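Participant: Numbering of the sequence shown is given in numbering that gives the first Met the number 0, commencing with residue 0 and proceeding in unit increments.
Provided herewith is a single structure, encoded as structure tokens, for subsequent inquiry.
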Amino acid sequence: MGAGAQYNRHGRTAKDTRGKMNRRRFVLGTAAGTAAAAVPQLLLARKTDPKFPVIGAGEFTYECHHNWGELPAGHTYGGASHGVAIDSNGLIYITHHGTPGSIFVFDPDGKFIRAMGHQFMEKDMGVGHGIDIRREGNEEFLYLSPDNDTYGFAKMTLTGELVWQKDRNSIARDSGLYPAGARFRATNMNFSPDGGYFLGDGYGSGYIHKYDKNDQYVLSFGGTGTENGRFQTPHGQWLDQRDGVPKVVVCDRANKRLQFFDLDGKHLSTLDGFLFPADIDIQGDIMLVPDLHCRITLLDKNNQVIVHLGDDPEWRTRALEGFRMRGRPELWQPGKFVHPHDACFDRDGNIFVTEWVQTGRVTKLRKVS
Numbered sequence: 000m001g002a003g004a005q006y007n008r009h010g011r012t013a014k015d016t017r018g019k020m021n022r023r024r025f026v027l028g029t030a031a032g033t034a035a036a037a038v039p040q041l042l043l044a045r046k047t048d049p050k051f052p053v054i055g056a057g058e059f060t061y062e063c064h065h066n067w068g069e070l071p072a073g074h075t076y077g078g079a080s081h082g083v084a085i086d087s088n089g090l091i092y093i094t095h096h097g098t099p100g101s102i103f104v105f106d107p108d109g110k111f112i113r114a115m116g117h118q119f120m121e122k123d124m125g126v127g128h129g130i131d132i133r134r135e136g137n138e139e140f141l142y143l144s145p146d147n148d149t150y151g152f153a154k155m156t157l158t159g160e161l162v163w164q165k166d167r168n169s170i171a172r173d174s175g176l177y178p179a180g181a182r183f184r185a186t187n188m189n190f191s192p193d194g195g196y197f198l199g200d201g202y203g204s205g206y207i208h209k210y211d212k213n214d215q216y217v218l219s220f221g222g223t224g225t226e227n228g229r230f231q232t233p234h235g236q237w238l239d240q241r242d243g244v245p246k247v248v249v250c251d252r253a254n255k256r257l258q259f260f261d262l263d264g265k266h267l268s269t270l271d272g273f274l275f276p277a278d279i280d281i282q283g284d285i286m287l288v289p290d291l292h293c294r295i296t297l298l299d300k301n302n303q304v305i306v307h308l309g310d311d312p313e314w315r316t317r318a319l320e321g322f323r324m325r326g327r328p329e330l331w332q333p334g335k336f337v338h339p340h341d342a343c344f345d346r347d348g349n350i351f352v353t354e355w356v357q358t359g360r361v362t363k364l365r366k367v368s
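Shown next, in the form of structure tokens:
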């Protein structure tokens with residue numbers, strides 16, 4: 000199968016993204032941009048609806064719309080909302096552990112469109128986890144990493160037809176890395192510029208597996224460990240081309256860091272300073288990192304922190320105590336995150352956040368101009 004235009008998860012081609020990058024460079028290079036990075040969290044009630052708390056700073060200020068999207072009766076996120084991706088028409092796809100199916104689709108205004116992903120259910124509940132979208136030729140496809148070792152990983156059309164599915168046995172045979180009893184449980188995928196992709200075995204044996212544009216296995220790197228080049232839960236990853244050199248950036252979640260690799264799996268650098276980074280999205284020069292420990296981080300082209308959205312140490316201490324807060328929605332506070340599990344930009348720079356909480360929760364962070 001040949002590769003067409005390479006889309007990121009918010010429906011922009013590489014060309015679109017470069018245009019966005021030029022505008023970002025100008026803002027970040029000004030004194031105003033530098034000052035914004037140093038400003039603490041702001042509450043701009045006079046400019047926004049007081050029902051929707053405002054977080055962020057300067058150019059990166061957002062209005063929080065918690066519990067975004069209207070689910071019909073009989074539809075539920077179950078034990079968690081997990082992944083989010085946006086197609087070129089602006090439709091939002093949310094993976095979950097509820098029913099029916101394992102994916103809910105919404106229009107940009109939050110109107111429910113359909114449930115799908117019924118192939119990825121166990122005991123009548125969804126096992127949706129990682130989800131990303133790529134355009135290939137004239138069509139877009141979903142790449143899925145279900146939260147279940149039975150289902151492996153898969154490719155699907157935007158309307159729910161299964162294109163192919165690979166299981167643990169196929170990747171064990173191809174890689175030679177899974178002896179009897181070794182765990183395999185994929186969490187997320189990302190795409191390479193030549194039409195291939197990388198699969199992260201985040202809940203399994205800690206490897207990243209590379210496939211070419213014809214879905215043929217190429218190589219693996221990583222494995223479990225704490226040294227550079229190894230992982231403790233490589234939960235999410237993405238293609239980083241912000242400096243013009245393509246590289247894979249991996250959320251090494253339990254090691255509390257990001258790691259950068261070339262496209263052949265050679266370790267390039269490590270970036271510390273995270274709490275429990277879960278996944279990545281990039282728009283222009285800005286990298287977005289949802290952190291399972293109650294905040295979302297935005298970084299500039301030089302990987303310097305612009306702002307931690309929702310960061311509050313006192314709230315975090317409460318929320319992380321035995322992870323009980325995830326099951327207590329009556330205690331959740333407006334403008335605070337509990338457990339951000341995935342997040343991505345839409346084409347207008349808004350951010351959609353899914354959280355690993357019981358009942359699930361999707362928040363739209365509307366960019367304040």
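The beta carbon of each residue, even a glycine, is placed where N, CA and C say it ideally should be.
Bear in mind that the values here come from a model prediction, so they are computed numbers and not experimental data.
Taking the DSSP output, what are the residues bridged to W237?
Facilitator: Within the sequence shown, numbered from 1, the residue matching residue 237 stands at position 238. In the DSSP output, where bridge partners are listed per residue, W237 has V248.
Participant: What does the alpha-carbon distance come out to for the pair T316 and K255?
Facilitator: Your numbering for residue 316 matches position 317 in the sequence shown. Your numbering for residue 255 matches position 256 in the sequence shown. Going from the Cα of T316 to the Cα of K255 covers about 17 Å.
Participant: Based on Cα-Cα distance, which residue from L308, E313, E58 and V337 lies nearest to F322?
Facilitator: Looking up residue 322 in the sequence shown gives position 323. Nearest C-alpha to F322: V337.
Participant: Tell me the DSSP bridge mates of V306?
Facilitator: Residue numbering aside, residue 306 sits at position 307 when the sequence shown is read from its first letter. L297.
Participant: Just the Cα atoms here: how many angstroms apart are T94 and S144?
Facilitator: Reading the sequence shown from its first residue, position 95 is the one you call residue 94. Reading the sequence shown from its first residue, position 145 is the one you call residue 144. Going from the Cα of T94 to the Cα of S144 covers about 10 Å.
Participant: Is the distance from the Cβ of W67 to the Cβ of V361 below 7 Å?
Facilitator: Numbered from 1 along the sequence shown, position 68 holds the residue referred to as residue 67. Numbered from 1 along the sequence shown, position 362 holds the residue referred to as residue 361. A contact, by the Cβ cut-off of 7 Å.
Participant: Excluding the 5 residues flanking A37 on each side, which residues of the same chain have their C-beta closer than 6 Å to its C-beta?
Facilitator: Sequence index remark: in the sequence shown, residue 37 carries index 38 (1-based). Any reading at A37 is ruled out, since the residue's pLDDT is 40, under 50, leaving its predicted position unreliable.
Participant: If K165 sits next to F183, beta carbons under 8 Å apart, how far is it from one beta carbon to the other, in whole angstroms?
Facilitator: On the sequence shown, residue 165 is found 166 positions in, with the first residue counted as 1. On the sequence shown, residue 183 is found 184 positions in, with the first residue counted as 1. So it is not a contact: roughly 11 Å between Cβ atoms.
Participant: Taking all protein chains shown into account, do 16 or more other C-beta atoms lie within 10 angstroms of the C-beta of S169, making it buried, or fewer, making it exposed?
Facilitator: Taking the first residue of the sequence shown as position 1, residue 169 is located at position 170. Classification for S169: exposed.
Participant: Kindly indicate which three-state DSSP category N189 falls into: helix, strand or coil?
Facilitator: By one-based count along the sequence shown, residue 189 stands at place 190. In this structure, N189 counts as strand in the three-state DSSP scheme.
Participant: Do the stretch 171-188 and the stretch 153-161 make contact, defined as three or more Cβ pairs closer than 8 Å?
Facilitator: With the cut-off at 8 Å, the stretch 171-188 and the stretch 153-161 do not touch.
Participant: Along the beta strand (DSSP E) that carries R113, what are the first and last residues, could you check?
Facilitator: By one-based count along the sequence shown, residue 113 stands at place 114. From DSSP, the beta strand (DSSP E) with R113 extends over F111 to M115.
Participant: Label A179 either buried or exposed according to how many other C-beta atoms from any shown protein chain fall within 10 Å of its C-beta, with 16 as the threshold for buried.
Facilitator: By one-based count along the sequence shown, residue 179 stands at place 180. When all chains shown are included, A179 counts as exposed.
Participant: I'd like the list of long-range same chain contacts for N227, defined as Cβ closer than 8 Å, with 5 residues on each side in sequence excluded.
Facilitator: As a working note, residue 227 is residue 228 in the sequence shown. Excluding sequence neighbours, N227 sits near Q258, H266 and T269.
Participant: Indicate whether P333 and E354 have their beta-carbon atoms separated by less than 7 Å.
Facilitator: Mapped onto the sequence shown, residue 333 falls at position 334. Mapped onto the sequence shown, residue 354 falls at position 355. The answer is no: Cβ separation not under 7 Å.
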